[in-house]
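To start, the structure itself, in structure tokens.
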Amino acid sequence: MKLIALFFALISSTVAYSATPVQSAQFYLERAEQHKLEQDVTWQRLMYADEKNHSEVTYSGYFIAPEGKTNLKQELQANIQALFETAVPNQSVRCRFPARSQWLIQQLNIPKQALAQVDCPELDDWMGQIKPYKATLIYATDFMGNPSSMFGHTLLRLDPKDQKQLNLVSYAVNYAATVTGEDGWSFAWNGLTGQYPGEYSLMPYYRKVKEYGDLESRDLWEYELNLSPEETRFLVEHIWEMKHVNFPYYFVSDNCAYRLLGLIDLVRPTLNLKQQFKVAAIPVETIKAIEQEGLVKETVYRPALETQLLSQARQHGRSLAKVAHTLAFVDVDQMPILLQKYSELDRAKILEMAYDDLYLQFTGRNLEASVAQPRLRQLLSLRSQIELEKQRQPPIQPKVDPTQAHDARHFSVNMGEVQGRKMIEIEHRQAYHDLLDPQGGFRTGTQLLFWDGAIQYREDEFKLEHFDFLAVNSYNPITPFKTPLSWGFNFGWQQEALNQNGQFSEDEQHGVANLNLQMGYSAADQQREHVCYAQIQNHLQIGKALDKGWRMGLGPTFGCQNIWTDQINSLVQVELPYWHDSHQWQFKLNTQIQYVLNNQNAIRLNWQFQQQAHKDWTKTSLGYVHFF
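Mind the numbering: the sequence shown is residues 1257 to 1884 in the numbering used here, read in order.
See the structure below:
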């Protein structure tokens, strides 16, 4: 009986192996047709299918079939056929497109022995370096020094199995715009209109930590994802497939966050994260969506080098921090002399802060190596002579995780009076954060408004009260270690207290296009709960009611952002523009106070006062704000 069974097994094996590649492929092509596999959501996402069922990918090498870009069924059939065809090393479909190949093999239940033999040394070496086992989503906080990073940035870190320490040897998947030597308005315009190609890249994670944490002083938040090792490997295999593919990069919509959501959607077909962000994909908002799906296992806060330095200044006091800054830049032989009058404990604190201060300047490329390195060595040498434990302590993690911060969009209803006449305003903002919003999860002293507008109803008439296309303000306060500029600009439309002749009016308002540019300095307390600024502000306004259709103004601006409690914060700002058309100063006062009900709801009281040529203009309102 056993001999008979063995005989039939041998016969069956011979028959199976005698089938030609064409015959094998045909069987599985029919199976794919029966299951309508080309309509499967995973295949659609692998092909980046649009509404017309065409691929968004323009790179011809991404397709095997001649009409693969516009006929995804034909592309699927060509990929199935290729699974049974032999090829030279690295050129097999399983070498070039491992993710889609593995998915097809699983969906069609193709046994390994039926497939063509493949040799993929390049892919194997690449995967062997990465060793993907788990994935962590990284959020780099906003960076006002670069328009493309004002909303923050997200990337993926890939960790091997059993790696528990600093994960700096891991690899990171980054999607970013490829920019070559452009800046200024052309950079901003090209980024907003999709003129830059967006590409995936893979690099050691420590490089991104250095770039964001050291060079740009951006805190990092690490969110370990609840993806299985198989899902993580599938994601990495797809990144390999995308190495020659790019898409138009839009700073606001089709950006890093949007494309990373697509990767997560791909490995989890039940999710549809990308579709939630068709208008604007703000990185922190996409992380919230991921967290709400239960995909976040663990959160780690990695403070930037500057954050660590400022934390030391708070721990040890501003006076010692100033001494540390002085020490970092004196001649090497003068360092011991400068430290003589301080106790051993204070010397340890000063030396540690001085080293971090100097290292930060060095990594930020503000100092040449020939200047920095001898000083760094001397500071280390002096510190090693003090037999005390390390004095620096890690910064306290912010009370509010960015995923728990208020949402980017807001809707508000305001009721009040303008010059004694009743009014109601309805306001909507597409993004992102203003100085009065709940500050938890955001960097104090930063403001970024995008598509922020309000409609006012007064005296049986609707008016566009204001529309800020883009408003950016960075109030980076002076510290013991540096004196940064505070800056801002606003481009939009607003109502001004003007009559038809362009003169200041107590009764009329007319709309003008407005561009503000401002520059100055800011100061803050050590906890950054109170930030005050003084700036010079330039105004350029265009409107029918203005003399000659335009006017310019220049003058100082003063203001304070105050966080009194977790529930109460306020903003006071004074502007004193001198208008060239009227040759007069104008006094503008804007005061706001807010009571936070929770992170998504608040009540605001606002009072505005203006005066010019002994004429007054006032506006008072009480409003309800909802973030969503």
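C-beta atoms are modelled at their ideal positions from N, C-alpha and C, and glycine is treated no differently.
None of the values given here were measured: they were computed from a predicted structure.
| Query | Result |
| --- | --- |
| N-terminal and C-terminal residue of the alpha helix (DSSP H) that E1497 is part of | 1485–1497 |
| Three-state secondary structure (DSSP) of Q1829 | strand |
| Within-9 Å CB hit, A1432 to chain D | The question asks about chain D, but that chain is absent: this structure has only one protein chain. |
| Length of the line joining the Cα atoms of R1524 and R1489 | 13 Å |
| Three-state secondary structure assigned by DSSP to F1883 | strand |
| Supposed contact pair L1476 and A1536 - C-beta distance, whole angstroms, cut 8 Å | The Cβ separation is near 23 Å, so there is no contact. |
| Simplified DSSP state of N1794, which is helix, strand or coil | strand |
| Inter-residue CB distance, A1753 and S1761 (contact presumed, cutoff 8 Å) | 5 Å |
| Helix, strand or coil at C1512 according to DSSP, with G and I counted as helix | helix |
| Bridge partner(s) assigned by DSSP for W1863 | T1847, T1876 |
| Assigned secondary structure, Y1462 (DSSP; H/G/I helix, E/B strand, else coil) | helix |
| Reference Q1712; option with closest CA among T1739, S1668, W1743 | S1668 |
| Minimum length 3: unbroken beta strand (DSSP E) runs contained in the segment 1539–1605 | 1552–1558 |
| Alpha carbon of A1790 to alpha carbon of N1862, nearest angstrom | 21 Å |
| Beta bridge counterpart(s) of P1453 as assigned by DSSP | P1504 |
| At least three beta-carbon pairs within less than 8 Å, the segment 1383–1390 to the segment 1324–1333 | no |
| Other residues of its chain near D1690: CB distance less than 7 Å, five sequence neighbours each side excluded | Q1703, L1705 |
| Burial state of T1659, where buried means 16 or more other Cβ atoms lie within 10 Å | buried |
| Simplified DSSP state of W1841, which is helix, strand or coil | strand |
| Beta-bridge partners of P1654, as assigned by DSSP | None; P1654 has no bridge partner. |
| Inter-residue CB distance, V1787 and P1733 (contact presumed, cutoff 8 Å) | 6 Å |
| Length of the line joining the Cα atoms of E1608 and T1582 | 13 Å |
| Ranges of the alpha helix (DSSP H) found wholly within the segment 1315–1363, counting only runs of at least 4 | 1328–1338, 1349–1352 |
| Cβ-Cβ distance between A1244 and F1737 below 9 Å | The structure shown does not extend to residue 1244, since the chain is modelled only from 1257 through 1884, so no value can be given for it. |
| P1812: first and last residue of the uninterrupted beta strand (DSSP E) it sits in | 1806–1819 |
| Distance CB(L1411)-CB(K1466) smaller than 9 Å | no |
| Contact under 9 Å by Cβ, N1857 with Q1695 | no |
| Cα-Cα separation between L1720 and Q1647, rounded to whole angstroms | 56 Å |
| Bridge partners - G1679, DSSP secondary structure assignment | Checking the sequence shown, residue 1679 turns out to be Met, not Gly. Paired residue(s): G1672. |
| Contact check, L1692 vs Q1817, beta carbons under 9 Å | yes |
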